[in-house]
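This report concerns only the one structure given below.
2 protein chains.
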Amino acid sequence: MRQPHDDTPDKIPRRDRTPSPEKRGDPQSRYHQITEHLRPKSKSAITVGHPGPPADHRGTSCALLVGYLALAWSDELLHTAGLTGPQLAAVLTVMDTMRTEVIYGQYLDVTATGSPTTDTERALAIIRYKTAKYTIARPLHIGATLAGAPPQLLKELSAYAMPLGEAFQLRDDLLGVFGDPKITGKSRLEDLREGKHTLLVALALQKAAPRHAAILRRQVGNPQLTDAEAAQIRDILAITGARTQVEHMISERREQVLRLLTSPHTIRPRAQDALRTLAETVTRRTS
Amino acid sequence: MRQPHDDTPDKIPRRDRTPSPEKRGDPQSRYHQITEHLRPKSKSAITVGHPGPPADHRGTSCALLVGYLALAWSDELLHTAGLTGPQLAAVLTVMDTMRTEVIYGQYLDVTATGSPTTDTERALAIIRYKTAKYTIARPLHIGATLAGAPPQLLKELSAYAMPLGEAFQLRDDLLGVFGDPKITGKSRLEDLREGKHTLLVALALQKAAPRHAAILRRQVGNPQLTDAEAAQIRDILAITGARTQVEHMISERREQVLRLLTSPHTIRPRAQDALRTLAETVTRRTS
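Here the protein sequences line up with chains A and B, keeping their order. Number 455 marks the last residue of the first sequence (our numbering); no jumps. Number 455 marks the last residue of the second sequence (our numbering); no jumps.
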């Protein structure tokens with residue numbers, strides 16, 4: 169009888185045998201290769217004496233791997249987009265900065281979530297790093313960089329993008345608490361139950377009468393928050409003026425951005441129109 | 169009294185005020201920026217009504233972010249290493265392939281861990297994608313690609329790296345179960361408790377007498393495995409011949425690799441010496 173380690177190579181499908189690693193699979197064959205291992209094995213191979221690790225542990229591990237795969241493939245898309253050497257180098261600089269910024273923003277968010285405070289600085293820092301840069305400023309910079317934009321244009325795009333990105337997130341915070349779930353498609357309880365550290369809640373905590381502040385501290389971040397309790401929080405956010413203040417901050421930022429587009433600058437007319445439409449859309453949206 | 173949203177900007181440290189995003193912080197200032205937010209805030213800002221999310225949830229979230237940051241910064245190091253355009257484009261192709269491969273290997277590993285089977289194909293596929301390519305083949309390709317290696321040399325490096333990478337992991341599997349913890353610095357229980365799907369265990373399951381197979385199925389992947397039970401598993405791995413078979417597979421691969429280095433090829437003499445030393449080291453190591 170042959171030794172198992174001699175048998176083994178015959179059982180291995182061709183594509184798994186030490187392939188020459190410089191050969192790239194196309195997406196189709198790569199998908200096939202991955203799904204092949206999901207098929208049930210022979211009965212003897214799947215019989216085990218204990219259930220193995222909990223399903224949620226495996227699920228979490230696989231979800232993380234899918235996230236890493238999406239990241240790796242998004243890089244690959246960029247690297248194979250047919251850019252020139254100088255274009256690729258320039259855009260990678262923006263991408264690298266953007267990644268560090270958004271990770272920093274996520275960190276600020278994660279460590280503040282669950283225990284909202286009066287700290288408006290922190291709320292604004294989260295908005296800037298997690299949303300304004302990642303959602304508006306850097307995407308504009310990426311496009312502009314690929315088009316060979318001079319530094320002056322990048323500066324102007326930042327001046328446009330940062331207040332608009334802040335307004336975008338402030339609108340998001342309002343919709344997360346006051347929005348119509350039928351229109352937003354999002355529960356109005358989620359942000360409150362999670363205890364998102366928003367400017368809305370920070371301002372309310374600063375202004376609230378002691379008994380209202382006590383309710384906010386007890387209920388924002390309460391994972392069992394009921395609809396009635398959420399309604400009470402909404403009342404407090406309105407009574408303290410926090411809701412109105414946030415609406416005011418959104419308007420201020422929209423005006424600032426629209427003023428900027430009518431002042432002297434180097435943004436071309438067609439791009440101006442698009443940026444004006446974007447500014448209206450993200451600050452006035454209901455979903 | 170001024171409105172809070174008017175006050176807010178004054179409280180924000182200079183570096184947090186909508187900075188022009190095209191300005192990159194150097195690592196030092198970036199570190200400062202990050203640690204600043206770790207400092208305790210004023211008492212009023214940290215008083216909360218409930219404890220917030222469990223510490224382990226926050227810890228896990230932050231650990232993931234640190235992992236993503238390390239990945240982003242490793243990319244940035246590569247992008248700013250002073251490579252030429254063609255060098256950068258060529259090395260990114262290898263990096264992208266390597267990432268997909270190692271994620272695939274991790275996936276195969278994660279989904280097999282906890283319930284070892286007789287499936288030697290799976291055990292070898294894990295070794296190839298997770299270890300052989302990531303630890304030996306791709307690093308050699310990255311260096312060779314930066315040095316402008318022709319396709320023939322990359323092929324020869326693969327022919328060297330894949331069997332050696334397999335041998336490296338097979339040695340690792342043996343050390344994980346039979347190694348001296350004083351020398352390896354690693355517990356001999358960890359792999360067995362986790363239920364790592366290794367070729368060693370798969371071969372033993374194929375060869376074991378029914379009562380031994382039953383013990384393996386029950387105990388490999390048992391998170392409460394005791395030292396005495398681990399000793400019993402080691403005995404079974406030896407009795408079935410699995411340990412000897414794996415040692416034999418390691419020797420075979422070392423011989424294959426060393427033969428390759430004495431056959432006609434395009435690898436330069438100095439590199440040959442380094443590769444020969446590497447082959448001996450990774451296959452004969454005790455730690």
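C-beta: ideal position from N, C-alpha, C; glycine also.
{"Check": "Inter-residue CB distance, Ala-305 of chain B and Ala-329 of chain B (contact presumed, cutoff 8 Å)", "Outcome": "4 Å"}
{"Check": "Contact set for Arg-422 of chain A: own chain, Cβ-Cβ below 7 Å, skip 5 residues either direction", "Outcome": "Ala-335, Ala-447, Thr-451"}
{"Check": "Nearest-angstrom Cα separation, counted from Gly-253 of chain B out to Ala-257 of chain A", "Outcome": "7 Å"}
{"Check": "Reference Thr-265 of chain A; option with closest CA among B:Ser-283, B:Thr-394, B:Gln-274, B:Glu-244", "Outcome": "B:Glu-244"}
{"Check": "C-alpha gap between Gly-363 of chain A and Thr-285 of chain A, whole angstroms", "Outcome": "10 Å"}
{"Check": "Uninterrupted alpha helix (DSSP H) stretches inside the region 282 to 313 of chain B (no shorter than 4 residues)", "Outcome": "288 to 294"}
{"Check": "Cβ-Cβ separation, Tyr-275 of chain B to Leu-233 of chain A (assumed contact under 8 Å), whole Å", "Outcome": "5 Å"}
{"Check": "With 16 other Cβ atoms within 10 Å as the buried cut-off, status of Ser-326 of chain A", "Outcome": "buried"}
{"Check": "Residue-level contact to chain A via CB, Pro-254 of chain B, 8 Å cutoff", "Outcome": "yes"}
{"Check": "The region 270 to 290 of chain B: positions lying closer than 8 Å to chain A by Cβ", "Outcome": "Ile-271, Tyr-272, Gln-274, Tyr-275, Leu-276, Val-278, Thr-279, Thr-281, Gly-282, Ser-283, Pro-284, Thr-285, Thr-286, Asp-287, Thr-288, Glu-289, Arg-290"}
{"Check": "C-beta atoms of Tyr-236 of chain B and Tyr-272 of chain B nearer than 8 Å", "Outcome": "no"}
{"Check": "Inter-residue Cα distance where the pair is Arg-267 of chain B and Asp-277 of chain B", "Outcome": "15 Å"}
{"Check": "Meets three-Cβ-pair contact criterion under 8 Å: the region 308 to 316 of chain B and the region 372 to 387 of chain B", "Outcome": "no"}
{"Check": "Three CB pairs or more closer than 8 Å across the region 317 to 325 of chain A and the region 433 to 443 of chain A", "Outcome": "yes"}
{"Check": "Between the CA atoms of Ala-231 of chain B and Asp-395 of chain B - distance to the nearest angstrom", "Outcome": "31 Å"}
{"Check": "Test: Leu-426 of chain A CB closer than 8 Å to a CB of chain B", "Outcome": "no"}
{"Check": "His-225 of chain A, buried or exposed, once every other Cβ within 10 Å from all chains shown has been counted against 16", "Outcome": "exposed"}
{"Check": "Opening and closing residue of the alpha helix (DSSP H) in which Thr-430 of chain B lies", "Outcome": "410 to 430"}
{"Check": "Alpha carbon of Pro-195 of chain A to alpha carbon of Leu-260 of chain B, nearest angstrom", "Outcome": "With a pLDDT of 44 at Pro-195 of chain A, under the threshold of 50, the modelled position of this residue cannot be trusted; read the value that follows with caution. The straight-line gap from Cα to Cα measures roughly 17 Å."}
{"Check": "Closer than 7 Å at the beta carbon, the chain A residues around Glu-460 of chain B", "Outcome": "Because chain B spans 169 through 455 in this model, residue 460 of chain B falls outside it and cannot be assessed."}
{"Check": "C-beta atoms of Gln-337 of chain A and Ile-295 of chain A nearer than 8 Å", "Outcome": "yes"}
{"Check": "Other residues of its chain near Gln-413 of chain B: CB distance less than 6 Å, five sequence neighbours each side excluded", "Outcome": "Leu-371"}
{"Check": "Where Arg-356 of chain B falls: helix, strand or coil (DSSP)", "Outcome": "coil"}
{"Check": "Contact set for Leu-251 of chain B: own chain, Cβ-Cβ below 8 Å, skip 5 residues either direction", "Outcome": "Val-259, Leu-314"}
{"Check": "Ala-249 of chain B, DSSP secondary structure in three states", "Outcome": "coil"}
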